[in-house]
Amino acid sequence: MIANVGLRAEYFNPQKEPFEVRQPLDEDYANLYNLIYEYLPGRFGSWERWVSFREELDSPTGWPEGGKSSQFKLSPRLGVSFPVTTGSKLYFNYGHFYQRPNIHFIYNLATGPGWASVPSVDLDMARTIAYEFGYEQRFLGSFLFNVTLYYKDIKGEPLSRTYIDYWEEVNVSRYFPDSYKDIRGLEVRLEKNLGQYLTFWGNYEYMLQSRGSSGLATVYENRLKAINEQRWPNLTITEPRPRGNFNLTLHTPRSSGIHNTLKRITPGEGGILDAITWLPGALLGDIFVNLFYEWRDGGRVIVNPQEVERLWKRIDVVDYSNLDLRASKMFRVGGVSLEGVLTIQNLLNQKRLSYWNMSTSQYDAYKESLHFPFETGDQHGDDQMGEWDKEHINIGWFTAPLFLNPRRALVGLRINF
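Numbers 576 to 992, taken from our numbering, label the letters of the sequence shown in order.
Right, here's the structure in full:
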(Lines of atoms letter the chains of each structure in order from A and count residues from 1; the text may use other names and numbers.)
(Lines give C-alpha, C1' and ligand atoms only; values in the text may rest on other atoms or scores of the structure.)
Protein backbone atom coordinates (compact mmCIF):
# COMPACT_ATOMS: atom_id res chain seq x y z
CA MET A 1 0.00 0.00 0.00
CA ILE A 2 1.17 3.52 -0.82
CA ALA A 3 -0.30 6.53 0.99
CA ASN A 4 0.19 10.25 0.50
CA VAL A 5 -1.03 12.49 3.32
CA GLY A 6 -0.93 16.26 3.11
CA LEU A 7 -2.21 19.47 4.61
CA ARG A 8 -2.50 22.60 2.48
CA ALA A 9 -2.62 26.05 4.06
CA GLU A 10 -4.23 28.94 2.17
CA TYR A 11 -4.35 32.60 3.11
CA PHE A 12 -6.33 35.23 1.22
CA ASN A 13 -6.46 38.94 1.93
CA PRO A 14 -8.22 41.24 -0.57
CA GLN A 15 -6.53 44.31 0.97
CA LYS A 16 -9.84 46.11 1.44
CA GLU A 17 -12.18 46.68 4.37
CA PRO A 18 -15.64 45.09 4.02
CA PHE A 19 -18.77 47.23 4.06
CA GLU A 20 -21.45 46.56 6.66
CA VAL A 21 -24.99 46.11 5.35
CA ARG A 22 -27.85 45.73 7.84
CA GLN A 23 -31.27 47.12 8.70
CA PRO A 24 -31.97 49.98 9.04
CA LEU A 25 -29.96 50.87 5.95
CA ASP A 26 -27.39 53.62 6.24
CA GLU A 27 -28.64 56.62 4.25
CA ASP A 28 -25.17 57.15 2.74
CA TYR A 29 -25.69 54.14 0.47
CA ALA A 30 -28.38 56.02 -1.44
CA ASN A 31 -26.69 59.40 -1.08
CA LEU A 32 -23.66 58.27 -3.08
CA TYR A 33 -25.67 58.61 -6.27
CA ASN A 34 -28.65 60.72 -5.25
CA LEU A 35 -26.57 63.55 -3.76
CA ILE A 36 -22.85 63.16 -4.42
CA TYR A 37 -22.98 62.29 -8.12
CA GLU A 38 -25.37 65.13 -8.86
CA TYR A 39 -22.91 67.75 -7.56
CA LEU A 40 -19.63 66.48 -9.00
CA PRO A 41 -17.70 68.68 -11.49
CA GLY A 42 -18.70 68.53 -15.15
CA ARG A 43 -21.93 68.01 -17.03
CA PHE A 44 -24.25 65.06 -16.35
CA GLY A 45 -22.84 61.99 -18.12
CA SER A 46 -19.59 63.76 -19.06
CA TRP A 47 -16.14 62.17 -18.90
CA GLU A 48 -15.03 64.74 -16.30
CA ARG A 49 -17.86 63.80 -13.96
CA TRP A 50 -17.28 60.09 -14.56
CA VAL A 51 -13.59 60.37 -13.56
CA SER A 52 -14.54 62.19 -10.35
CA PHE A 53 -17.20 59.59 -9.60
CA ARG A 54 -14.74 56.73 -10.13
CA GLU A 55 -12.44 58.31 -7.55
CA GLU A 56 -15.37 58.56 -5.13
CA LEU A 57 -16.19 54.87 -5.66
CA ASP A 58 -12.74 53.86 -4.41
CA SER A 59 -13.77 55.03 -0.93
CA PRO A 60 -17.49 55.94 -0.80
CA THR A 61 -18.23 58.72 1.68
CA GLY A 62 -20.03 57.56 4.81
CA TRP A 63 -20.42 53.90 3.92
CA PRO A 64 -20.11 51.89 7.16
CA GLU A 65 -17.20 49.48 7.37
CA GLY A 66 -16.75 46.58 9.73
CA GLY A 67 -15.52 43.03 10.15
CA LYS A 68 -12.43 41.32 8.79
CA SER A 69 -11.73 40.35 5.19
CA SER A 70 -8.72 38.03 5.46
CA GLN A 71 -9.24 34.27 5.43
CA PHE A 72 -7.04 31.36 6.48
CA LYS A 73 -8.00 27.81 5.50
CA LEU A 74 -6.50 24.37 6.08
CA SER A 75 -7.20 21.66 3.50
CA PRO A 76 -6.42 18.03 4.39
CA ARG A 77 -5.57 15.69 1.50
CA LEU A 78 -5.27 11.90 1.39
CA GLY A 79 -4.34 9.58 -1.45
CA VAL A 80 -4.10 5.81 -0.99
CA SER A 81 -3.10 3.25 -3.63
CA PHE A 82 -3.50 -0.52 -3.24
CA PRO A 83 -1.49 -2.49 -5.84
CA VAL A 84 -3.39 -5.62 -6.89
CA THR A 85 -0.98 -7.01 -9.50
CA THR A 86 2.09 -5.63 -11.24
CA GLY A 87 -0.21 -3.92 -13.76
CA SER A 88 -3.29 -2.97 -11.71
CA LYS A 89 -4.27 -1.07 -8.60
CA LEU A 90 -7.17 0.19 -6.53
CA TYR A 91 -6.98 3.76 -5.28
CA PHE A 92 -8.84 6.19 -3.04
CA ASN A 93 -8.49 9.98 -2.91
CA TYR A 94 -9.99 12.42 -0.42
CA GLY A 95 -9.46 16.13 -0.05
CA HIS A 96 -10.76 19.57 0.84
CA PHE A 97 -10.46 22.29 -1.79
CA TYR A 98 -11.17 26.00 -1.37
CA GLN A 99 -12.04 28.33 -4.24
CA ARG A 100 -11.44 32.06 -3.99
CA PRO A 101 -14.56 34.02 -5.00
CA ASN A 102 -14.55 35.59 -8.42
CA ILE A 103 -12.98 39.05 -8.43
CA HIS A 104 -16.21 40.78 -9.44
CA PHE A 105 -17.95 39.54 -6.27
CA ILE A 106 -15.18 41.04 -4.13
CA TYR A 107 -14.49 44.40 -5.75
CA ASN A 108 -17.33 45.39 -8.08
CA LEU A 109 -19.41 48.35 -6.96
CA ALA A 110 -22.44 49.65 -8.81
CA THR A 111 -24.93 52.33 -7.85
CA GLY A 112 -27.89 54.22 -9.23
CA PRO A 113 -30.89 56.25 -8.06
CA GLY A 114 -32.06 54.55 -4.86
CA TRP A 115 -29.91 51.43 -5.10
CA ALA A 116 -26.38 50.15 -4.59
CA SER A 117 -24.58 46.87 -5.18
CA VAL A 118 -21.89 46.62 -2.51
CA PRO A 119 -18.58 44.72 -2.89
CA SER A 120 -18.63 41.50 -0.85
CA VAL A 121 -15.05 41.81 0.35
CA ASP A 122 -15.47 39.33 3.21
CA LEU A 123 -17.24 36.67 1.12
CA ASP A 124 -16.15 33.22 2.31
CA MET A 125 -14.29 30.92 -0.05
CA ALA A 126 -16.42 28.06 -1.36
CA ARG A 127 -15.38 24.64 -0.09
CA THR A 128 -15.43 21.36 -2.00
CA ILE A 129 -15.01 18.01 -0.24
CA ALA A 130 -14.14 15.41 -2.87
CA TYR A 131 -14.11 11.61 -2.65
CA GLU A 132 -12.78 9.38 -5.41
CA PHE A 133 -12.49 5.60 -5.65
CA GLY A 134 -11.13 3.87 -8.71
CA TYR A 135 -9.52 0.88 -10.39
CA GLU A 136 -6.70 1.08 -12.94
CA GLN A 137 -5.39 -1.70 -15.18
CA ARG A 138 -2.52 -1.68 -17.69
CA PHE A 139 -2.57 -4.32 -20.42
CA LEU A 140 -0.78 -5.16 -23.68
CA GLY A 141 2.11 -2.99 -22.62
CA SER A 142 0.84 0.45 -23.61
CA PHE A 143 -2.93 0.40 -22.91
CA LEU A 144 -4.38 1.78 -19.70
CA PHE A 145 -7.97 1.28 -18.49
CA ASN A 146 -9.42 3.28 -15.63
CA VAL A 147 -12.83 3.41 -13.96
CA THR A 148 -13.59 5.99 -11.26
CA LEU A 149 -16.52 6.69 -8.94
CA TYR A 150 -16.56 10.19 -7.47
CA TYR A 151 -18.58 12.44 -5.18
CA LYS A 152 -18.18 16.18 -4.56
CA ASP A 153 -19.89 18.16 -1.81
CA ILE A 154 -19.74 21.89 -2.61
CA LYS A 155 -20.82 24.55 -0.13
CA GLY A 156 -20.53 28.30 0.14
CA GLU A 157 -21.02 29.44 -3.45
CA PRO A 158 -22.26 33.06 -3.69
CA LEU A 159 -25.86 34.21 -4.02
CA SER A 160 -27.15 37.78 -3.92
CA ARG A 161 -29.10 39.16 -0.93
CA THR A 162 -31.00 42.45 -1.12
CA TYR A 163 -31.83 44.74 1.82
CA ILE A 164 -34.91 46.95 1.31
CA ASP A 165 -35.83 49.93 3.49
CA TYR A 166 -39.24 50.40 5.12
CA TRP A 167 -40.68 52.59 2.37
CA GLU A 168 -39.10 50.45 -0.37
CA GLU A 169 -37.31 53.47 -1.81
CA VAL A 170 -33.75 52.22 -1.26
CA ASN A 171 -32.28 48.75 -1.73
CA VAL A 172 -28.72 47.55 -1.18
CA SER A 173 -27.39 44.20 -2.41
CA ARG A 174 -24.34 42.10 -1.61
CA TYR A 175 -23.36 38.42 -1.86
CA PHE A 176 -23.48 35.67 0.75
CA PRO A 177 -22.24 32.04 0.61
CA ASP A 178 -25.75 30.57 0.50
CA SER A 179 -25.58 28.13 -2.44
CA TYR A 180 -24.68 24.45 -2.20
CA LYS A 181 -24.63 21.46 -4.52
CA ASP A 182 -23.36 17.92 -4.76
CA ILE A 183 -22.04 16.04 -7.76
CA ARG A 184 -21.70 12.28 -8.12
CA GLY A 185 -20.73 10.30 -11.12
CA LEU A 186 -18.83 7.58 -12.92
CA GLU A 187 -15.98 8.01 -15.40
CA VAL A 188 -14.51 5.30 -17.64
CA ARG A 189 -11.27 6.02 -19.48
CA LEU A 190 -9.15 4.08 -21.97
CA GLU A 191 -5.86 5.38 -23.27
CA LYS A 192 -2.77 4.37 -25.21
CA ASN A 193 -0.11 6.85 -24.18
CA LEU A 194 2.91 5.11 -25.70
CA GLY A 195 3.40 4.57 -29.41
CA GLN A 196 5.74 5.53 -32.22
CA TYR A 197 2.96 6.41 -34.67
CA LEU A 198 -0.34 6.41 -32.78
CA THR A 199 -1.61 7.39 -29.35
CA PHE A 200 -5.14 8.03 -28.14
CA TRP A 201 -7.39 8.47 -25.15
CA GLY A 202 -11.13 8.34 -24.69
CA ASN A 203 -13.47 8.79 -21.76
CA TYR A 204 -17.15 8.47 -20.93
CA GLU A 205 -18.72 10.26 -17.96
CA TYR A 206 -22.11 9.83 -16.33
CA MET A 207 -22.86 12.57 -13.82
CA LEU A 208 -25.78 13.65 -11.64
CA GLN A 209 -26.04 17.00 -9.86
CA SER A 210 -28.32 18.43 -7.21
CA ARG A 211 -28.30 22.01 -5.95
CA GLY A 212 -30.08 24.19 -3.46
CA SER A 213 -29.90 27.40 -1.48
CA SER A 214 -30.26 28.54 2.10
CA GLY A 215 -30.60 31.82 3.96
CA LEU A 216 -32.53 34.89 2.88
CA ALA A 217 -32.91 36.30 -0.61
CA THR A 218 -34.36 39.60 0.65
CA VAL A 219 -34.29 41.39 4.02
CA TYR A 220 -37.15 43.86 4.58
CA GLU A 221 -37.07 46.58 7.20
CA ASN A 222 -40.85 46.23 7.26
CA ARG A 223 -41.22 42.99 9.23
CA LEU A 224 -44.77 42.48 7.93
CA LYS A 225 -43.13 41.38 4.68
CA ALA A 226 -40.71 38.96 6.32
CA ILE A 227 -42.69 36.00 4.95
CA ASN A 228 -41.27 36.84 1.50
CA GLU A 229 -37.63 36.79 2.58
CA GLN A 230 -36.76 33.10 2.51
CA ARG A 231 -35.01 31.63 -0.50
CA TRP A 232 -36.72 28.82 -2.38
CA PRO A 233 -35.83 25.88 -0.12
CA ASN A 234 -36.41 22.95 -2.47
CA LEU A 235 -33.52 20.83 -3.71
CA THR A 236 -33.18 20.79 -7.50
CA ILE A 237 -31.93 17.53 -9.01
CA THR A 238 -30.77 17.65 -12.60
CA GLU A 239 -31.31 14.84 -15.07
CA PRO A 240 -28.16 12.88 -15.92
CA ARG A 241 -26.42 14.16 -19.04
CA PRO A 242 -23.67 11.74 -20.12
CA ARG A 243 -20.76 12.98 -22.16
CA GLY A 244 -17.73 11.52 -23.88
CA ASN A 245 -14.50 12.60 -25.56
CA PHE A 246 -12.07 10.87 -27.88
CA ASN A 247 -8.63 12.16 -28.81
CA LEU A 248 -6.52 10.46 -31.52
CA THR A 249 -2.98 11.54 -32.40
CA LEU A 250 -1.07 10.27 -35.44
CA HIS A 251 2.60 11.23 -35.52
CA THR A 252 5.82 10.30 -37.27
CA PRO A 253 9.30 10.26 -35.72
CA ARG A 254 11.76 13.09 -36.19
CA SER A 255 13.32 13.42 -39.63
CA SER A 256 16.59 11.91 -38.41
CA GLY A 257 14.75 8.81 -37.21
CA ILE A 258 13.19 8.10 -40.62
CA HIS A 259 16.53 8.87 -42.30
CA ASN A 260 18.36 6.32 -40.15
CA THR A 261 15.64 3.72 -40.73
CA LEU A 262 15.93 4.12 -44.53
CA LYS A 263 19.71 3.82 -44.33
CA ARG A 264 19.41 0.55 -42.46
CA ILE A 265 17.15 -1.01 -45.10
CA THR A 266 19.00 0.49 -48.12
CA PRO A 267 22.37 -1.14 -49.00
CA GLY A 268 25.37 0.93 -49.96
CA GLU A 269 27.15 4.07 -48.85
CA GLY A 270 27.82 7.51 -50.28
CA GLY A 271 26.64 11.06 -50.47
CA ILE A 272 24.01 10.44 -53.15
CA LEU A 273 22.50 7.62 -51.11
CA ASP A 274 22.44 9.81 -48.02
CA ALA A 275 20.61 12.49 -49.98
CA ILE A 276 18.09 9.97 -51.31
CA THR A 277 17.32 8.67 -47.80
CA TRP A 278 17.35 12.15 -46.23
CA LEU A 279 14.65 13.60 -48.48
CA PRO A 280 11.80 11.21 -47.44
CA GLY A 281 12.81 11.72 -43.83
CA ALA A 282 12.60 15.47 -44.18
CA LEU A 283 9.18 15.26 -45.84
CA LEU A 284 7.61 12.51 -43.71
CA GLY A 285 9.16 13.14 -40.30
CA ASP A 286 7.83 15.39 -37.53
CA ILE A 287 4.19 15.22 -38.69
CA PHE A 288 1.42 15.41 -36.11
CA VAL A 289 -2.29 14.97 -36.85
CA ASN A 290 -4.68 15.30 -33.93
CA LEU A 291 -8.43 14.60 -34.04
CA PHE A 292 -10.61 15.56 -31.07
CA TYR A 293 -14.23 14.40 -30.93
CA GLU A 294 -16.66 15.62 -28.28
CA TRP A 295 -20.18 14.36 -27.53
CA ARG A 296 -22.70 15.49 -24.92
CA ASP A 297 -26.22 14.28 -24.26
CA GLY A 298 -28.65 17.06 -25.09
CA GLY A 299 -30.91 16.41 -22.12
CA ARG A 300 -34.57 17.39 -22.13
CA VAL A 301 -36.55 20.64 -22.07
CA ILE A 302 -40.09 21.53 -21.02
CA VAL A 303 -42.05 22.72 -24.06
CA ASN A 304 -45.09 24.00 -22.13
CA PRO A 305 -43.71 25.74 -19.00
CA GLN A 306 -46.80 27.97 -18.83
CA GLU A 307 -48.88 24.95 -17.71
CA VAL A 308 -49.09 23.63 -14.15
CA GLU A 309 -46.23 21.30 -13.25
CA ARG A 310 -48.24 18.07 -13.53
CA LEU A 311 -49.00 18.87 -17.19
CA TRP A 312 -45.43 19.64 -18.23
CA LYS A 313 -44.17 17.84 -21.34
CA ARG A 314 -40.45 17.10 -21.55
CA ILE A 315 -38.86 16.63 -24.95
CA ASP A 316 -35.40 15.36 -25.87
CA VAL A 317 -32.88 17.87 -27.20
CA VAL A 318 -30.53 17.02 -30.05
CA ASP A 319 -27.20 15.76 -28.72
CA TYR A 320 -24.12 17.94 -29.12
CA SER A 321 -21.21 16.55 -31.11
CA ASN A 322 -18.17 18.12 -32.73
CA LEU A 323 -14.92 17.06 -34.42
CA ASP A 324 -11.83 19.30 -34.55
CA LEU A 325 -8.55 18.71 -36.36
CA ARG A 326 -5.07 20.05 -35.70
CA ALA A 327 -2.19 19.10 -38.00
CA SER A 328 1.40 20.29 -37.96
CA LYS A 329 4.69 19.67 -39.78
CA MET A 330 8.08 20.57 -38.35
CA PHE A 331 11.01 21.59 -40.53
CA ARG A 332 14.44 21.77 -38.92
CA VAL A 333 17.05 23.97 -40.58
CA GLY A 334 20.28 24.23 -38.63
CA GLY A 335 19.37 25.44 -35.17
CA VAL A 336 15.97 26.79 -36.23
CA SER A 337 12.67 24.87 -36.17
CA LEU A 338 9.80 25.96 -38.38
CA GLU A 339 6.39 24.47 -37.58
CA GLY A 340 3.44 24.92 -39.92
CA VAL A 341 0.09 24.47 -38.16
CA LEU A 342 -3.39 23.88 -39.58
CA THR A 343 -6.42 23.94 -37.27
CA ILE A 344 -9.92 23.16 -38.51
CA GLN A 345 -12.80 23.68 -36.09
CA ASN A 346 -16.03 21.78 -36.81
CA LEU A 347 -14.29 19.58 -39.36
CA LEU A 348 -17.52 17.90 -40.50
CA ASN A 349 -19.27 21.29 -40.89
CA GLN A 350 -22.17 20.25 -38.66
CA LYS A 351 -24.98 22.80 -38.47
CA ARG A 352 -26.46 23.21 -34.99
CA LEU A 353 -29.67 25.16 -34.52
CA SER A 354 -29.50 27.84 -31.80
CA TYR A 355 -33.26 28.05 -31.29
CA TRP A 356 -32.87 30.24 -28.20
CA ASN A 357 -31.85 33.07 -30.56
CA MET A 358 -35.25 33.03 -32.26
CA SER A 359 -37.79 35.78 -31.77
CA THR A 360 -40.84 34.83 -29.69
CA SER A 361 -43.12 34.39 -32.71
CA GLN A 362 -40.40 32.55 -34.63
CA TYR A 363 -39.83 30.15 -31.73
CA ASP A 364 -43.57 29.50 -31.32
CA ALA A 365 -43.89 28.69 -35.04
CA TYR A 366 -40.84 26.42 -34.87
CA LYS A 367 -42.12 24.56 -31.80
CA GLU A 368 -45.58 24.20 -33.36
CA SER A 369 -44.09 22.62 -36.51
CA LEU A 370 -42.30 19.86 -34.59
CA HIS A 371 -43.97 16.46 -34.27
CA PHE A 372 -43.65 15.27 -30.68
CA PRO A 373 -44.20 11.74 -29.27
CA PHE A 374 -47.04 12.89 -26.97
CA GLU A 375 -49.04 14.33 -29.89
CA THR A 376 -51.59 12.40 -31.94
CA GLY A 377 -52.68 12.22 -35.56
CA ASP A 378 -50.55 13.93 -38.19
CA GLN A 379 -48.63 15.77 -35.47
CA HIS A 380 -47.34 12.57 -33.86
CA GLY A 381 -43.63 11.95 -34.38
CA ASP A 382 -40.22 11.66 -32.80
CA ASP A 383 -38.79 15.13 -33.41
CA GLN A 384 -36.32 16.62 -30.95
CA MET A 385 -35.72 20.22 -29.98
CA GLY A 386 -32.88 21.45 -32.15
CA GLU A 387 -33.81 19.52 -35.29
CA TRP A 388 -34.21 21.69 -38.37
CA ASP A 389 -33.54 19.69 -41.56
CA LYS A 390 -36.92 18.00 -42.03
CA GLU A 391 -39.42 19.19 -44.62
CA HIS A 392 -42.20 19.95 -42.14
CA ILE A 393 -40.03 21.96 -39.72
CA ASN A 394 -40.42 25.74 -39.90
CA ILE A 395 -37.45 27.77 -38.64
CA GLY A 396 -38.54 31.03 -40.29
CA TRP A 397 -36.80 33.16 -42.87
CA PHE A 398 -34.37 35.01 -40.59
CA THR A 399 -31.68 32.38 -39.96
CA ALA A 400 -28.59 34.59 -39.51
CA PRO A 401 -28.41 34.15 -35.69
CA LEU A 402 -29.53 30.50 -35.73
CA PHE A 403 -26.42 28.73 -37.05
CA LEU A 404 -23.38 30.07 -35.24
CA ASN A 405 -20.85 27.26 -35.62
CA PRO A 406 -19.40 27.46 -39.15
CA ARG A 407 -16.41 25.39 -40.11
CA ARG A 408 -13.32 27.50 -39.50
CA ALA A 409 -9.76 26.91 -40.74
CA LEU A 410 -6.75 28.61 -39.13
CA VAL A 411 -3.22 28.49 -40.54
CA GLY A 412 -0.18 29.44 -38.50
CA LEU A 413 3.61 29.35 -38.49
CA ARG A 414 5.71 28.91 -35.37
CA ILE A 415 9.45 29.65 -35.31
CA ASN A 416 11.68 28.24 -32.55
CA PHE A 417 15.30 29.38 -32.26
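All C-beta atoms in this analysis are idealised placements derived from N, C-alpha and C, irrespective of residue type, glycine included.
In this text the structure is predicted, and so the values were computed from the model without any measurement.
Our two residues, residue 814 and residue 627, have alpha carbons roughly 50 Å apart in a direct line. Separation of residue 761 and residue 722 (C-alpha to C-alpha, rounded to the nearest whole angstrom) is 7 Å. In this chain, residue 740 is not harboured by any beta strand (DSSP E), its DSSP state being neither H nor E. Here residue 602 carries a coil assignment [DSSP, helix/strand/coil]. For residue 641, the three-state secondary structure derived from DSSP is coil. DSSP places residue 891 in the uninterrupted beta strand (DSSP E) bounded by 889-891.
The C-beta of residue 697 has 16 or more other C-beta atoms within 10 Å across all chains shown, which makes the residue buried.
Looking at the DSSP output, residue 920 sits in a beta bridge with 983. Counting the other CB atoms within 10 Å of its CB gives residue 811 a total below 16, which places it among the exposed residues. The segment 867-876 makes contact with the segment 893-900; the number of CB pairs closer than 8 Å reaches 3 or more. Straight-line measurement puts the Cα of residue 925 at about 51 Å from the Cα of residue 594. Around the beta carbon of residue 606, a 10 Å sphere encloses 16 or more other beta carbons of the protein chains shown; the residue is thus reported as buried. Within the same chain, 795 come within 8 Å of residue 801 by CB-CB distance, once the 5 residues on both sides are set aside. Contact annotation: the segment 691-711 touches the segment 653-665, with at least three C-beta pairs closer than 8 Å. With contacts defined by Cβ atoms closer than 9 Å, residue 700 and residue 756 do not form a contacting pair. In the structure shown, residue 952 adopts helical secondary structure according to DSSP, grouped into three states. Look at the beta carbons and you see the segment 911-922 not touching the segment 876-892: under three pairs across the two are nearer than 8 Å. In this structure the segment 626-645 does not touch the segment 661-674; the number of beta carbon pairs closer than 8 Å is below three.
By the Cβ-count criterion, residue 660 is exposed, with fewer than 16 other Cβ atoms from all chains shown falling within 10 Å of its own Cβ. In the DSSP annotation of this structure, the continuous segment of the alpha helix (DSSP H) that includes residue 623 starts and ends at 622-633.
With a 10 Å radius around the Cβ and a threshold of 16 neighbouring Cβ atoms, residue 975 comes out exposed.
Straight-line spacing of the CA atoms in residue 680 and residue 730 works out to 16 Å.
Here the C-alpha atom of residue 719 lies approximately 5 Å from the C-alpha atom of residue 766.
Taking the C-beta atoms as reference points, residue 764 is found no nearer than 9 Å to residue 741. Under DSSP, residue 929 takes part in no beta bridge, so it has no partner. Contact annotation: residue 920 and residue 825 have beta-carbon atoms that are not nearer than 9 Å. Spanning the alpha carbons of residue 886 and residue 936 requires a straight line of approximately 23 Å. Closest in C-alpha terms to residue 809, from the list 967, 726 and 790, comes 790. Taking C-beta atoms as the reference points, residue 652 and residue 583 count as a pair closer than 9 Å. Nearest neighbour of residue 774 by Cα position, chosen from 823, 734 and 817, turns out to be 823.
In terms of Cβ geometry, residue 589 and residue 682 form a close pair [threshold 9 Å]. Per DSSP, the unbroken alpha helix (DSSP H) holding residue 681 starts and ends at 678-682.
Inter-residue distance for residue 758 and residue 724 is about 11 Å (C-alpha atoms, whole angstroms). Within the model, the alpha-carbon separation for residue 749 versus residue 893 is close to 38 Å. Taken through DSSP and simplified to helix, strand or coil, residue 941 comes out as helix.
In this structure, DSSP gives residue 800 a helical state, which the three-state scheme calls helix.
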